[in-house]
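*Asks:*
Chains as they are written, first to last, in the numbering used here: chain A, -11 to 190; chain B, -11 to 190.
1) Please report the straight-line C-alpha distance between residue 42 (chain A) and residue 73 (chain A), rounded to a whole angstrom.
2) Looking at chain A, is there any beta carbon in it that lies within less than 8 Å of the beta carbon of residue 185 (chain B)?
3) Using alpha carbons as the reference points, say which of A:145, A:150, A:135 and A:141 lies closest to residue 96 (chain A).
4) Within the segment 58 to 106 of chain A, note down every full beta strand (DSSP E) run reaching 3 residues or more, in order along the chain.
5) Considering just the uninterrupted stretch of the alpha helix (DSSP H) at residue 25 (chain A), what are its terminal residues?
6) I want to verify the contact list: residues of chain A whose CB lies under 7 Å from the CB of residue 173 (chain B), in sequence order.
7) What are the start and end residues of the beta strand (DSSP E) that includes residue 165 (chain A)?
8) Given this structure, state the Cα-to-Cα distance separating residue 131 (chain A) from residue 124 (chain A), to the nearest angstrom.
9) Considering just the uninterrupted stretch of the beta strand (DSSP E) at residue -3 (chain A), what are its terminal residues?
10) State whether the segment 8 to 25 of chain A contacts the segment 86 to 103 of chain A, with contact taken as three or more CB pairs (one from each stretch) at a distance under 8 Å.
11) Checking the sheet assignment: what are the DSSP bridge partners for residue 110 (chain B)?
12) Determine whether the Cβ of residue 101 (chain B) lies closer than 8 Å to any Cβ atom of chain A.
13) Can you tell me whether DSSP reads residue 11 (chain A) as helix, strand or coil?
14) Run through chain A and tell me which residues come within less than 7 Å of residue 151 (chain B), C-beta to C-beta.
15) Going by DSSP, name the residue or residues bridged to residue 17 (chain A).
16) Between residue 55 (chain B) and chain A, is any beta-carbon pair separated by less than 8 Å?
17) Classify residue 5 (chain B) as helix, strand or coil using the three-state DSSP reduction.
18) Let me see if you follow: with CB-CB separation under 8 Å, is residue 97 (chain B) close to chain A or not?
19) Tell me where the alpha helix (DSSP H) around residue 41 (chain A) begins and ends.
20) For residue 169 (chain A), return the contacting residues in chain B, with the cut-off set at a CB-CB distance below 7 Å.
21) Which residue comes first and which comes last in the alpha helix (DSSP H) that contains residue 137 (chain B)?
22) Exposed or buried, residue 98 (chain B), counting other C-beta atoms within 10 Å across all chains shown (16 or more means buried)?
23) Could you tell me the alpha carbon to alpha carbon distance between residue 102 (chain A) and residue 157 (chain B), rounded to whole angstroms?
24) To the nearest angstrom, report how far apart residue 32 (chain A) and residue 121 (chain B) are at their CA atoms.
25) I'd like the span of the alpha helix (DSSP H) that includes residue 190 (chain A), first residue to last.
26) On the criterion of 16 or more Cβ atoms from any shown chain inside 10 Å, does residue 194 (chain B) qualify as buried, or is it exposed?
27) Please confirm if the segment -6 to 12 of chain A is in contact with the segment 131 to 146 of chain A, defined as three or more CB-CB distances below 8 Å between the two stretches.
28) Measuring straight from C-alpha to C-alpha, what distance separates residue 70 (chain B) and residue 11 (chain A)?
29) Please tell me whether residue 52 (chain A) has its Cβ less than 8 Å away from any Cβ of chain B.
30) Which of helix, strand or coil does DSSP assign to residue 55 (chain B)?
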């Protein structure tokens, strides 16, 4: 079975950079937005639409667990979301079966549970996340601290809601991961070297 | 400043063994029950009494945060508990200032926050914790799974209540630690080797 590392991450915690460094370090494939590109290719839907469904909050009018109620089953938006999730599942399983890899986000820890991935969750203190997000922001995105904190918390809430909807589990709850890493006090490059070492022994 | 590692741990997760192996691996001091022995020496209280205060649930009649209410301040049991905690604080700070060390439990992560310790929290799935606790139980302690699970959850609840009372923070909440380790899928000896490596770079 291939060596798979999945990374859940708080917005602004550096989880994506950690994943990239980790994949480089181990010489394995790295998947993040590549999952969306592949879904777009297979479904002929627009990239913007798929991204909206995969990365943003599901319609808050829907119940939080997947119900079998009559109106829900007939709702075309919900059916489309579910079919995109099914496609995402296929894409991720195929990626995991092709070679060793690092997959960031997209419920991969749950989708690949039969493949026994090393499941990481990356988080950081708000102060650190503000600084990091600000560093990576474009010039149009000059928000003040309060606005930026709201954006960060909104992104986390979307991820939590999406994860809960499709896996029935709590996003970021340590019991759902093998290792939770706080990036506030340590350089990502140090952390990546170190996780790479563990991944070899896993 | 000395290199300090603090370990919070769910009951039955193997946190104590991980701490011991880690200390051996790094060649540094290891403190767990030694903290109690030292408090006993300094206070002339009985070991059983100190252990009861330090390891068991605080009186549930007390409010969960340290209040300044009049009746609480006059309560002799509460005053005694607080003075034991103060002594524990002194003991732990002295240990941390003496040499590099690993300290298990006893709110050391919070007590030593100015010393910037590497703060670990160790946890595991219930199935793993049942198996582990059963392996270490004496023959008189042959509980069935349901009884043993209750004992494990009671111990966790005591630790959480004690931690919350003295630190004002949530025990086991990942934000209060640098690294949370799930011991369900990996050998403690592998994990100890691996954490020792990180501790050197911390």
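We put the beta carbon where it would ideally sit given N, CA and C, even for glycine.
*Replies:* If we stick to the structure as given:
1) The alpha-carbon atoms of residue 42 (chain A) and residue 73 (chain A) are separated by roughly 8 Å.
2) With 8 Å as the cut-off, residue 185 (chain B) counts as an interface residue toward chain A.
3) When each option's Cα is compared against that of residue 96 (chain A), the closest is A:150.
4) Within the segment 58 to 106 of chain A, the complete beta strand (DSSP E) runs of at least 3 residues are 89 to 92.
5) Residues 22 to 31.
6) 166, listed in chain order.
7) Element bounds for residue 165 (chain A): n/a, residue is neither H nor E.
8) Using only the alpha carbons, I get a separation of about 12 Å.
9) Boundaries of the beta strand (DSSP E) harbouring residue -3 (chain A): -8 to -3, taken from the DSSP string.
10) Touching, yes.
11) Residue pairing from DSSP places residue 110 (chain B) in a beta bridge opposite B:-3 and B:169.
12) With 8 Å as the cut-off, residue 101 (chain B) does not count as an interface residue toward chain A.
13) Shown here, residue 11 (chain A) sits in a helix according to DSSP, grouped into three states.
14) Within chain A, no C-beta atom comes less than 7 Å from the C-beta of residue 151 (chain B); the nearest is roughly 16 Å away.
15) According to DSSP, residue 17 (chain A) bridges with A:89.
16) The predicted model places residue 55 (chain B) with a pLDDT of 49, which falls under 50 and marks its position as unreliable, so this point remains unresolved.
17) Note: residue 5 (chain B) maps to helix in three-state DSSP.
18) Judged by the 8 Å Cβ criterion, residue 97 (chain B) is not in contact with chain A.
19) In this chain, the alpha helix (DSSP H) harbouring residue 41 (chain A) covers 35 to 43.
20) Neighbours of residue 169 (chain A) on chain B, chain order: 167.
21) From DSSP, the alpha helix (DSSP H) with residue 137 (chain B) extends over 133 to 155.
22) Around the CB of residue 98 (chain B), 16 or more other CB atoms lie within 10 Å, so the residue is classed as buried.
23) Roughly 36 Å between the two C-alpha positions.
24) Rounded to whole angstroms, the gap between the alpha carbons of residue 32 (chain A) and residue 121 (chain B) is 54 Å.
25) Run containing residue 190 (chain A): none; DSSP gives neither H nor E here.
26) The question about residue 194 (chain B) has no answer here: the residues shown for chain B are numbered -11 through 190.
27) For the pair of segments examined, the segment -6 to 12 of chain A was found to touch the segment 131 to 146 of chain A: the number of CB pairs separated by less than 8 Å reaches three.
28) Straight across, the Cα-Cα distance linking residue 70 (chain B) with residue 11 (chain A) is about 50 Å.
29) With a pLDDT of 44 at residue 52 (chain A), under the threshold of 50, the predicted position of this residue should be treated as unreliable, though the coordinate-derived value follows. No, no contact with chain B.
30) Low confidence applies here, because residue 55 (chain B) scores a pLDDT of 49, under 50, leaving its location unreliable and the question unanswered by this model.
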